[in-house]
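Here is the structure we will look at, set down as structure tokens.
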Amino acid sequence: MKLLNKSISYLSLSILAIVTLWAIIFYVNMLQEIKSSIDEGLENYKRLIIKNAEHDPSILTKNYFDESFFTIHPIEKQEALAFKDQYLDTIIAMQDADDQALEPEPVRMLVSAFESNGKFYRLKVANSMVEEDDLIGELLWDVVWLYLVLIIGILVINNIVLKKLWHPFYSLLAQLKSFRLGTSHELVRTNTTVKEFMDLESSMNHLLQQNINAFERQKEFVGNASHELQTPLAIITNKLELLLENAWVNAKEAESMSEIYQIVQRLIRLNNSLLLLTKIENKQFFDNRLVSINETVDQCVRDLEDMATFRKIKITVNAISPLKTYVDIYLANILVGNLVKNAVHHTSGKGNIIIHITEAKLQVQNTAADGPLEGELIFSRFYGSRKETGRSGLGLSIVRAIADLYGHRVQYGFDHGMHSFEIFFSPNKPSKT
Amino acid sequence: MKILVIEDEIQLLKNIKESLEKENFLVETAMGFETAMEKAMVYAYDCILLDIMLPNGSGLDILDGLKKEGKQENVIIISAKDSLDDKLKGLDLGADDYLTKPFHLAELNARIKAVLRRKDLDGSRFMELGNTKLNIENRQFLVDGTPIPLNRKEFDILNYFMLNKSRLVTKNALAEHVWGDNSDQADNFDFVYYQIKNLRKRLLESKSGLEIDSVYGVGYKLIVK
Numbered sequence: 001m002k003l004l005n006k007s008i009s010y011l012s013l014s015i016l017a018i019v020t021l022w023a024i025i026f027y028v029n030m031l032q033e034i035k036s037s038i039d040e041g042l043e044n045y046k047r048l049i050i051k052n053a054e055h056d057p058s059i060l061t062k063n064y065f066d067e068s069f070f071t072i073h074p075i076e077k078q079e080a081l082a083f084k085d086q087y088l089d090t091i092i093a094m095q096d097a098d099d100q101a102l103e104p105e106p107v108r109m110l111v112s113a114f115e116s117n118g119k120f121y122r123l124k125v126a127n128s129m130v131e132e133d134d135l136i137g138e139l140l141w142d143v144v145w146l147y148l149v150l151i152i153g154i155l156v157i158n159n160i161v162l163k164k165l166w167h168p169f170y171s172l173l174a175q176l177k178s179f180r181l182g183t184s185h186e187l188v189r190t191n192t193t194v195k196e197f198m199d200l201e202s203s204m205n206h207l208l209q210q211n212i213n214a215f216e217r218q219k220e221f222v223g224n225a226s227h228e229l230q231t232p233l234a235i236i237t238n239k240l241e242l243l244l245e246n247a248w249v250n251a252k253e254a255e256s257m258s259e260i261y262q263i264v265q266r267l268i269r270l271n272n273s274l275l276l277l278t279k280i281e282n283k284q285f286f287d288n289r290l291v292s293i294n295e296t297v298d299q300c301v302r303d304l305e306d307m308a309t310f311r312k313i314k315i316t317v318n319a320i321s322p323l324k325t326y327v328d329i330y331l332a333n334i335l336v337g338n339l340v341k342n343a344v345h346h347t348s349g350k351g352n353i354i355i356h357i358t359e360a361k362l363q364v365q366n367t368a369a370d371g372p373l374e375g376e377l378i379f380s381r382f383y384g385s386r387k388e389t390g391r392s393g394l395g396l397s398i399v400r401a402i403a404d405l406y407g408h409r410v411q412y413g414f415d416h417g418m419h420s421f422e423i424f425f426s427p428n429k430p431s432k433t
Numbered sequence: 001m002k003i004l005v006i007e008d009e010i011q012l013l014k015n016i017k018e019s020l021e022k023e024n025f026l027v028e029t030a031m032g033f034e035t036a037m038e039k040a041m042v043y044a045y046d047c048i049l050l051d052i053m054l055p056n057g058s059g060l061d062i063l064d065g066l067k068k069e070g071k072q073e074n075v076i077i078i079s080a081k082d083s084l085d086d087k088l089k090g091l092d093l094g095a096d097d098y099l100t101k102p103f104h105l106a107e108l109n110a111r112i113k114a115v116l117r118r119k120d121l122d123g124s125r126f127m128e129l130g131n132t133k134l135n136i137e138n139r140q141f142l143v144d145g146t147p148i149p150l151n152r153k154e155f156d157i158l159n160y161f162m163l164n165k166s167r168l169v170t171k172n173a174l175a176e177h178v179w180g181d182n183s184d185q186a187d188n189f190d191f192v193y194y195q196i197k198n199l200r201k202r203l204l205e206s207k208s209g210l211e212i213d214s215v216y217g218v219g220y221k222l223i224v225k
């Protein structure tokens, strides 16, 4: 939920409560005010009637409500003396303009007692009242309108003011979203004088800087470590080669030595792959020329022919159209080589490898020994390297890294019992070295 | 043949020295920049193996010094850094080859001999061994003067073996040299055996007097009977 909506939902709930409470209090107060105003009128009316009755005793016989809206009944003295003025809400049948027949209408009634010429009477004076239903209805609608107007008002104000106010926040957020370790060099920044946002900006930048530093250090470390390993690896390799040449080595020792030798060679391959990955990530290859992928594929297939033939794998190149792209030739060889090598190693005996080349796509398919692989995972480092020995587990990550470097898309698929690796080449231009 | 090895890592230096002495080269060594510079400037060598990263200086400066002195030494750079920049700079300064650590001794041998052969104009076209002759230029293999047909891979393998005669050539070194970079990640080198088998047959049928021995399953050795 957006911050804006969240604040509106809170505001609308609390405003609903406030407006409701206010409406009730307002209603009660207003009703009271109306009643007290009517009561004053009734009191005045009562006095007038009593005064008139002294001159005109005929009034005293009026015992039903007519146009003059009062009744007088004679009562006992005791009752009259004990009587106190009463204001009542009651109902009388009346008819007004919008009524078809007599209808019960609410009235305010004063019941009082008085004495006239030694006789006691009870007086009822009535006055029409507001209809509470109508009043409540009217008031309810007013309140609903008020509520709506308030909400719309807040919505508009929120949208304009809050958006403006929160602009630095959203700007920082957008910059943070597009930030990529290793590729983004700019820290986030926003023009604001609001303290909180300035704090946010500096905290973000502090964190980013730490991350960038850690990332750089890590990259440097991998690079340095791999470089430092080269010489010791050379020493071990050469020492073993010299040892194995010695005539006095017996067969058993020699076997162990050649095992060690193979392990060292594996270590060398792994180290070379790590070095290569570091170099790609550091963008140390930029001798981009227009390279024909068709030629690269042909060369690669020639190199791997013996290996494939030995494993009874048939490689078919299906070049539909020439595919040319600006790339460092060394990386192009590795890209194609790793894909085909990967196919050769993962095709079981008597399988097929089919390489399709179209104008913007290179596809390498190979007969699968098992079912489909885990789509994205296979491009991650050391995936599957635990299952088999001798492989660096970095071949496909290098493919991914090279493709990423040039903005090409890599995709894995599985179709008719064949693994399929596709590279979609995005059009690129020669970049300056 | 005199070779100067400039390398600051003593163990690596020892290995190279031992290997080159097996090839009957006269080997001199230098571990520091100053000694190396002095030796390179004062004496004449047929070939100099030069590590670029030295304490107190860069191998490239030595290369530069040689060039300024007008010395025509063959130089092979040995570097832990597989950097195109260094490679180009080195070759530009007159180095003849560039070898990245770690390397196989067989490969080092092959590179040194290739460099020496280029310098020695007379012997450049042929390599002789026993009753056989390998013509590098037109890729011909002769036994007692009779040409024996070899396919491309067989010729390359034989060439590599002859550069490393009586020395161990591991399958890894052979695969990298003959089958190129793409074979470097091969999990087994059994495909190498196929070509070796064919080559052995040819050597035997042609009565060449050369034999390829297996060495503990790790590689091969070419010997003259």
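Note that the protein sequences, when read in sequence, are chains V and B.
For the first sequence, position 378 (counting from the first letter as 1) is numbered 378 according to full-length UniProt numbering, and the numbering increases by one without interruption.
For the second sequence, position 117 (counting from the first letter as 1) is numbered 117 according to full-length UniProt numbering, and the numbering increases by one without interruption.
Glycine included, each C-beta is placed from N, C-alpha and C at the ideal position.
CB-CB length for residue i against residue j, believed under 8 Å
i	j	result
residue 306(V)	residue 180(B)	Contact doesn't hold; Cβ gap of about 11 Å is too wide.
residue 97(B)	residue 115(B)	6 Å
residue 365(V)	residue 354(V)	5 Å
residue 165(V)	residue 204(V)	Residue 165(V) to residue 204(V), Cβ: 19 Å. No contact.
Cutoff 8 Å: residue i Cβ touching any chain V Cβ
i	result
residue 202(B)	no
residue 66(B)	no
residue 170(B)	yes
residue 107(B)	no
residue 18(B)	yes
residue 102(B)	yes
residue 9(B)	yes
residue 160(B)	no
residue 224(B)	no
residue 125(B)	no
residue 220(B)	no
residue 15(B)	yes
Per-residue DSSP class, three states only, for residue i
i	result
residue 303(V)	helix
residue 175(V)	helix
residue 328(V)	strand
residue 290(V)	strand
residue 415(V)	strand
residue 187(V)	coil
residue 30(V)	helix
residue 284(V)	coil
residue 193(V)	coil
residue 213(B)	strand
residue 433(V)	Low local confidence applies: a pLDDT of 42 at residue 433(V) is under 50, so the model's placement there is unreliable, with the coordinate-based value given in what follows. Coil at residue 433(V), not helix or strand.
residue 245(V)	helix
residue 423(V)	strand
Neighbour-count burial assignment, residue i, 16 or more Cβ in a 10 Å radius
i	result
residue 79(V)	exposed
residue 170(V)	exposed
residue 161(B)	buried
residue 172(B)	buried
residue 47(V)	exposed
residue 241(V)	buried
residue 64(V)	exposed
residue 2(V)	exposed
residue 40(V)	exposed
residue 197(V)	buried
residue 82(V)	exposed
residue 20(V)	exposed
residue 265(V)	buried
residue 121(V)	buried
Residue-chain proximity (residue i, chain B), Cβ-Cβ < 8 Å
i	result
residue 261(V)	yes
residue 233(V)	yes
residue 254(V)	yes
residue 358(V)	no
residue 348(V)	no
residue 201(V)	no
residue 433(V)	Because residue 433(V) carries a pLDDT of 42, less than 50, the predicted location of this residue cannot be relied on, and the following value inherits that uncertainty. Closer than 8 Å: no.
residue 310(V)	yes
residue 213(V)	no
Which complete beta strand (DSSP E) runs does the region 112-158 of chain B hold, if anything under 3 residues is left out? 126-129, 132-135, 140-143, 146-148
With a floor of 3 residues, list each beta strand (DSSP E) that falls wholly inside the UniProt domain "Response regulatory" (2-116) of chain B, ordered by position along the chain. 2-6, 26-30, 47-51, 74-79, 97-100
Runs of beta strand (DSSP E) lying entirely within the region 330-367 of chain V, each at least 3 residues, in chain order: 352-358, 361-367
Any beta strand (DSSP E) of 3 or more consecutive residues that is wholly inside the region 39-78 of chain V: 70-74
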